[in-house]
Amino acid sequence: MSHTAAPQPAIARRSSPLRGEARVPGDKSISHRSFMFGGLASGETRITGLLEGEDVLRTGEAMKAMGAHIEKKGDEWIIRGTGNGALLQPEGPLDFGNAGTGSRLTMGLVGTYDMETTFIGDASLQSRPMGRVLDPLRQMGVQVLSAAPGDRMPLTLRGPKHAAPITYRVPMASAQVKSAVLLAALNTPGITTVIEPVMTRDHTEKMLKGFGASIDVETDERGVRHIFIEGQGRLAGQTIRVPGDPSSAAFPLVAALIVPGSDIVIRNVLMNPTRTGLILTLQEMGADIEVQNTRNEGGEDVADLRVRHSQLKGVTVPAERAPSMIDEYPVLAVAAAFAEGETLMQGLEELRVKESDRLAAVAAGLRLNGVDCTEGEATLAVRGVPEGKGLGGGEAVKTHLDHRIAMSFLVMGLASEHPVTIDDRAMIATSFPEFMDLMTGLGARIDAADKAA
Numbered sequence: 012m013s014h015t016a017a018p019q020p021a022i023a024r025r026s027s028p029l030r031g032e033a034r035v036p037g038d039k040s041i042s043h044r045s046f047m048f049g050g051l052a053s054g055e056t057r058i059t060g061l062l063e064g065e066d067v068l069r070t071g072e073a074m075k076a077m078g079a080h081i082e083k084k085g086d087e088w089i090i091r092g093t094g095n096g097a098l099l100q101p102e103g104p105l106d107f108g109n110a111g112t113g114s115r116l117t118m119g120l121v122g123t124y125d126m127e128t129t130f131i132g133d134a135s136l137q138s139r140p141m142g143r144v145l146d147p148l149r150q151m152g153v154q155v156l157s158a159a160p161g162d163r164m165p166l167t168l169r170g171p172k173h174a175a176p177i178t179y180r181v182p183m184a185s186a187q188v189k190s191a192v193l194l195a196a197l198n199t200p201g202i203t204t205v206i207e208p209v210m211t212r213d214h215t216e217k218m219l220k221g222f223g224a225s226i227d228v229e230t231d232e233r234g235v236r237h238i239f240i241e242g243q244g245r246l247a248g249q250t251i252r253v254p255g256d257p258s259s260a261a262f263p264l265v266a267a268l269i270v271p272g273s274d275i276v277i278r279n280v281l282m283n284p285t286r287t288g289l290i291l292t293l294q295e296m297g298a299d300i301e302v303q304n305t306r307n308e309g310g311e312d313v314a315d316l317r318v319r320h321s322q323l324k325g326v327t328v329p330a331e332r333a334p335s336m337i338d339e340y341p342v343l344a345v346a347a348a349f350a351e352g353e354t355l356m357q358g359l360e361e362l363r364v365k366e367s368d369r370l371a372a373v374a375a376g377l378r379l380n381g382v383d384c385t386e387g388e389a390t391l392a393v394r395g396v397p398e399g400k401g402l403g404g405g406e407a408v409k410t411h412l413d414h415r416i417a418m419s420f421l422v423m424g425l426a427s428e429h430p431v432t433i434d435d436r437a438m439i440a441t442s443f444p445e446f447m448d449l450m451t452g453l454g455a456r457i458d459a460a461d462k463a464a
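Residue numbers (our numbering): 12 to 464.
So, in structure tokens, the structure goes:
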């Protein structure tokens, strides 16, 4: 999606009970890494269930630009990788569009190569800080030849002749920073150590081990993780089945909880413990979420979720839970708008540096639609209205090119007394191209809206 395209407003209206089964697209985090590790590994990697959103496809294009061969045959993506240490200097800039994960992880991957690489993105991505990734890369010998003020895109990296292994303590709970250092270590001699005081999603560690990297994880008595990775080893192609994205499942899940009479099943959802904070929180609020058919696929826990309309109650969500649900706070705030009492969310500072300032965007959208909320520096308190009486009907919510803001407020409109409008739905394609069809297939009343809606 070009950020210069005309906005595509949408409107959601109070819906009849949602019913049926849904299968959400493949997990975004695993999809990005599947393209990256498959493109780097020797031999052939085959992927099914890949999220074919714009963000992930940008990562695939970047890997192709550096020598990987990637093609789709039927439902399967087939990759012939370059081999670890054998990426080629791209002929032009790598354009990541809106993809924060793809760009930050790729900076790590290519940073330690003796070549120049330029990264560009859309207006939203260019506004996002990259210093958190570039700081440890500089310690490994990577030069930032040019960057927009504040270590922002467009930026150009120059790798060293020989990168230096480092011991790096991640200063914030960020899977992207951790992963960027681990990927930089793949082309670095010796052992690089990443110290992670607060555990974040661990797909990079699990998948690298699956591809044959020499990587070990130790957790000390204080719960601090030490990740040791030996560089310049061989990675071998794998067969990957990507499970459904829990961050995408959050939207039909919350919709079913707040729309009276709803009863749906969401199939094949990733249940990695580092990603299930939203489900735990909603269950604490009284949500009827039944975890069915639990199983292990490719080293990851997967299950089906049966979700029924529930009377929710406000809770306090502790700061330490934030890493396991960082992308789900916008839609949790929508659930809280229909709960009895106050829901207090703590430890939200990471939301300030997402696709938008998500904390400010959520609070503004809630207030526009009649929800009583208080935004703090790293907190959000939402005082709900059971059954959504008086909610909705405000001006179009400003989505700020942020797919999760767009989807969250469309979910809100399904249960509020008055319709909810968003200013643009086009960017939903970055993570969940099937969102509109999936939701309307369950019975949701979501439509395109003209600019006057």
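Even for Gly, the Cβ is constructed at its ideal location relative to N, Cα and C.
Taking the CB atoms as reference points, tell me whether residue i and residue j lie closer together than 8 Å.
| i | j | result |
| --- | --- | --- |
| residue 258 | residue 339 | yes |
| residue 58 | residue 71 | no |
| residue 34 | residue 278 | yes |
| residue 346 | residue 293 | yes |
| residue 285 | residue 210 | yes |
| residue 355 | residue 23 | no |
| residue 467 | residue 199 | The structure shown does not extend to residue 467, since the chain is modelled only from 12 to 464, so the question has no answer here. |
| residue 109 | residue 51 | no |
| residue 443 | residue 411 | no |
| residue 357 | residue 330 | yes |
| residue 105 | residue 79 | no |
| residue 205 | residue 197 | no |
| residue 25 | residue 427 | yes |
| residue 107 | residue 142 | no |
| residue 123 | residue 164 | no |
| residue 129 | residue 100 | no |
| residue 433 | residue 369 | no |
| residue 430 | residue 184 | no |
| residue 222 | residue 48 | yes |
| residue 83 | residue 62 | no |
| residue 460 | residue 393 | no |
| residue 271 | residue 450 | no |
So for residue i, helix, strand or coil by DSSP?
| i | result |
| --- | --- |
| residue 238 | strand |
| residue 463 | Here the model assigns residue 463 a pLDDT of 38, short of 50, so the residue's position is not dependable and the matter cannot be decided. |
| residue 443 | coil |
| residue 324 | strand |
| residue 293 | helix |
| residue 285 | helix |
| residue 177 | coil |
| residue 396 | coil |
| residue 425 | coil |
| residue 191 | helix |
| residue 137 | helix |
| residue 122 | helix |
| residue 97 | coil |
| residue 458 | strand |
| residue 415 | helix |
| residue 146 | helix |
| residue 435 | coil |
| residue 314 | strand |
| residue 451 | helix |
Is it right to say residue i is buried, meaning 16 or more other beta carbons lie within 10 angstroms of its own, or is it exposed?
| i | result |
| --- | --- |
| residue 268 | buried |
| residue 289 | buried |
| residue 6 | For the chain, the structure presents residues 12 to 464; residue 6 sits outside this window and is missing. |
| residue 250 | exposed |
| residue 56 | buried |
| residue 242 | buried |
| residue 463 | Residue placement at residue 463 is flagged as unreliable, the pLDDT there being 38, under the threshold of 50; the coordinate-derived value follows with that caveat. Residue 463 is exposed by the Cβ-count criterion. |
| residue 87 | exposed |
With which residues is residue i paired in a DSSP beta bridge?
| i | result |
| --- | --- |
| residue 105 | 130 |
| residue 205 | 179, 238 |
| residue 154 | 169 |
| residue 115 | For residue 115, which the question treats as bridged, DSSP gives no partner whatsoever. |
| residue 159 | 163 |
| residue 299 | 319 |
Legend entry - Completely contained alpha helix (DSSP H) runs for the region 328 to 394, where each covers 4 or more residues: 340 to 347, 369 to 379
Inset, instruction - Can you check the region 12 to 88 for any beta strand (DSSP E) of at least 3 residues that lies completely inside it and give the ranges in chain order? - result: 21 to 24, 30 to 34, 55 to 59, 80 to 84
Legend entry - Inside the region 207 to 279 only - alpha helix (DSSP H) runs reaching at least 4 residues: 214 to 221, 257 to 269
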